DNA sequence: GCCGTACCGTACCGTTCGGTACGGCTGTTT
DNA sequence: AAACAGCCGTACCGAACGGTACGGTACGGC
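Chains as they are written, first to last, in this note's numbering: chain G, 6 to 239; chain Z, 6 to 239.
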C-alpha cells in the first residue's frame, strides 16, 4: 500500500532529536532529513510563500548558510522536499499479484483507498499546490517533473494491477492507459481539484472506504468480461 | 455551450483600440476590460510571478496609479481578472432541455466536450493555477472562491441536465451530487491535474470528441435504468 | 479662457526575500 | 593542545515588488 505519512504531531524542532522514522533516506543525511521535515511542515501550514529560507532556518534551528550548502538554492530545496516526501510514500506493491476474483477486487479496493488517502492528504495537497504554481509556460517547472515521479509510480502500480486482472480474466480492456484513466476518474472525480482549491467540504462528504467501494464496483461493471460492458473503442 | 474564448491573437497593446468583443462586461469599463485582457494574457504566458503591477502597467500602457485606483490592490486585480473571465465564459444552457433519448445523449455529449475544452484551455489552466497557488491554510484564498463561481455554474448546468435525464427515464440515480462526480470523473479522469502540472502530452492524446463520446457511453452504461447498473448505494 | 476629470509616465519609498559573508561554538582527529 | 570541520546565529547586500506621490497632458463642460 501507499502508506500516507503522518508528519508526526510532535514537530518540535531541535528537541529530542529522534528524527521521526528516518534511516538513510537515500541522498540526504539525518540532519538534512530533519530540516526537510520542518520545511514540509511549513509548506503544509503556510503554502509557498511561508517557506522562506529565513523562516525555515529559524524553524529548523539551522543556518541559512547550511541550507544553501546542502541544497544549492531555493529551487534545489523545493526539489529536495519533493524527493524526500516521495521516498517516504513507498509502494508496498502487494508483492503477490491477485489471482482469484476476490483477491483482484480486494486489490482494487485497496488501491482506490490508498489513492484517495494520499491525494487528499495535507502533504500531498501542499506539494501539488507548489508544483502547480511553479509551472511557467514551457519550462518543466520546479517540482512538476519531480512530483511526476510520485504520480508515475502510482500509475505503474495500477498498470500492473490492471494487467493482472486482465490475464486473470476478471476484466477486459484494450488500452491500458485509457483504462487507468477511467479507474482514476471513477475514484477521484472532482475531489482532487476541489481539495486543491481549498474547498473543505469536498473531502468530508463520504468516507474513503465507501467512495472506494463505489468506484471499484462501477469500474468492474464497465470492464466486465462477459457481456459487452461498453464501447470497445480506444 | 460554454464557448471557450480565444484571447484574440492580435494582443497588441495600445494599437487599434478595438477592444476585442467587449460591450459593458458588467462591473468594468471598456478601458478596464482592455487592461484585464492584457493581464490575463500575461498570466497565461508567464504565470503568477509574471503578473506584476509594473509589468501590467507597461504591457497595457496604463499607469500603476490607475491600476490601484480601479482594483484597489493586487488581490483586487486578481479577483477582477477571474470575474472578468468568468463573465466571458457564458453558459448557453441549452434552453431546451432534452426530451428524447437521443437528445439527452447529445446534450451529455455536448456537455462533455464543453467541459473538456474549457478545463484544458490555456486561460482556464492559468486561472486554476493562480487560484490553487493562492490557497493558504484556511483562508478562502484570493481567487479560489471566485473561481468557484465558474465551477458551480457548470455544476448547475450538469445538475439540470441529469435531472432532465432522470425524469425522462433515460437514467436512474439517487444522489445527484455523487452522480455528477462520476460523470465528471469519466470525462476528465486525470487530464486536468496532468495539464495543471504542465504535462504537455496529457492533452494531445485523444481528440476531445472521442474522449467525450467514450465518457458518455460509459456513463450511460452505469446509470442505465433497466438492469441494475451497479450499486444502489449513495 | 478656465476648471475638473481622467489618465499616463516616471520617480520614489518601505519591505521582503534570496543569497553571501563572518564570527563563534562544539566535537573530533592527530 | 592544536588544528580542523561542521554548524549556528546574525548581519549584510542587492534586487524586486507592492504601493504611493507628483508632474504633465488630453478632453469635455461652462
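For every residue, glycine included, the Cβ atom is placed at its ideal position computed from N, Cα and C.
In this text, all values refer to a predicted model and were calculated from it rather than measured experimentally.
Closest by C-alpha distance to residue i, when choosing among the options
i              : options                        : result
residue 210(G) : 121(G), 135(G), 139(G), 52(G)  : 121(G)
residue 132(G) : 155(G), 113(G), 112(G), 111(G) : 155(G)
residue 222(G) : 128(G), 80(G), 107(G)          : 107(G)
residue 135(Z) : 171(Z), 153(Z), 159(Z)         : 153(Z)
residue 172(Z) : 227(Z), 160(Z), 158(Z), 102(Z) : 102(Z)
residue 203(Z) : 176(G), 140(G), 215(G)         : 140(G)
residue 216(G) : 117(G), 157(G), 110(G)         : 117(G)
residue 186(Z) : 169(Z), 161(Z), 75(Z)          : 161(Z)
residue 85(Z)  : 34(Z), 123(Z), 124(Z)          : 34(Z)
residue 79(Z)  : 105(Z), 128(Z), 54(Z), 91(Z)   : 54(Z)
residue 158(G) : 38(G), 37(G), 49(G), 93(G)     : 93(G)
residue 119(G) : 36(G), 50(G), 218(G), 231(G)   : 218(G)
residue 56(Z)  : 82(Z), 229(Z), 227(Z)          : 82(Z)
residue 231(G) : 178(G), 62(G), 165(G)          : 178(G)
residue 137(G) : 87(G), 104(G), 105(G)          : 87(G)
residue 89(Z)  : 70(Z), 74(Z), 62(Z), 36(Z)     : 36(Z)
residue 5(Z)   : 180(Z), 62(Z), 208(Z)          : No answer is possible for residue 5(Z): it lies beyond the span of chain Z, which begins at 6 and ends at 239.
Cβ-Cβ separation, residue j to residue i (assumed contact under 8 Å), whole Å
i              : j              : result
residue 130(Z) : residue 200(Z) : 6 Å
residue 190(Z) : residue 206(G) : With 8 Å as the limit, residue 190(Z) and residue 206(G) do not qualify as a contact, their Cβ atoms being about 18 Å apart.
residue 198(Z) : residue 192(G) : So it is not a contact: roughly 13 Å between Cβ atoms.
residue 196(G) : residue 184(G) : Between residue 184(G) and residue 196(G) the Cβ distance is about 20 Å, and since that is not below 8 Å, they are no contact.
residue 58(Z)  : residue 47(Z)  : No, residue 58(Z) and residue 47(Z) are not in contact; Cβ-Cβ is about 11 Å, not under 8 Å.
residue 40(Z)  : residue 60(Z)  : With 8 Å as the limit, residue 40(Z) and residue 60(Z) do not qualify as a contact, their Cβ atoms being about 12 Å apart.
residue 169(G) : residue 76(G)  : Actually they are not in contact, since the Cβ atoms of residue 169(G) and residue 76(G) sit about 40 Å apart, beyond 8 Å.
residue 163(G) : residue 124(G) : Between residue 124(G) and residue 163(G) the Cβ distance is about 13 Å, and since that is not below 8 Å, they are no contact.
residue 224(G) : residue 113(G) : 7 Å
Short CB-CB distance (under 8 Å) between residue i and chain G
i              : result
residue 129(Z) : no
residue 189(Z) : yes
residue 4(Z)   : Absent from the structure is residue 4(Z), since the part of chain Z shown begins at 6 and ends at 239.
residue 153(Z) : yes
residue 186(Z) : yes
residue 157(Z) : no
residue 69(Z)  : no
Cross-chain neighbours of residue i in chain G, by beta carbon under 7 Å
i              : result
residue 136(Z) : 202
residue 193(Z) : 190
Chain Z contact for residue i (CB, 8 Å cutoff)
i              : result
residue 175(G) : no
residue 140(G) : yes
residue 110(G) : no
residue 223(G) : yes
residue 231(G) : no
Contact list for residue i against chain Z, beta-carbon separation under 7 Å
i              : result
residue 162(G) : Those within 7 Å of residue 162(G) in chain Z number zero; the least Cβ separation is about 14 Å.
residue 107(G) : Neighbours of residue 107(G) on chain Z: none; closest Cβ ~17 Å, over 7 Å.
Where residue i falls, given that 16 or more other Cβ within 10 Å makes a residue buried
i              : result
residue 26(G)  : Residue placement at residue 26(G) is poorly supported in this model, since its pLDDT is 36, which falls under 50; the coordinates are not used for a value here.
residue 20(Z)  : Any reading at residue 20(Z) must be qualified, since the residue scores a pLDDT of 32, below 50, and its modelled position is unreliable; the value itself is stated next. With fewer than 16 Cβ atoms within 10 Å of its Cβ, residue 20(Z) is classed as exposed.
residue 52(G)  : buried
residue 143(G) : exposed
residue 42(G)  : buried
residue 128(Z) : buried
residue 126(G) : buried
residue 174(Z) : exposed
residue 220(Z) : buried
residue 194(Z) : buried
Contact set between residue i and chain G, taken where Cβ atoms lie within less than 9 Å
i              : result
residue 197(Z) : 195, 197, 198
Heavy atom of the ligand MG within 7 Å of residue i beta-carbon
i             : result
residue 75(Z) : The model depicted lacks the ligand MG and carries no ligand whatsoever.
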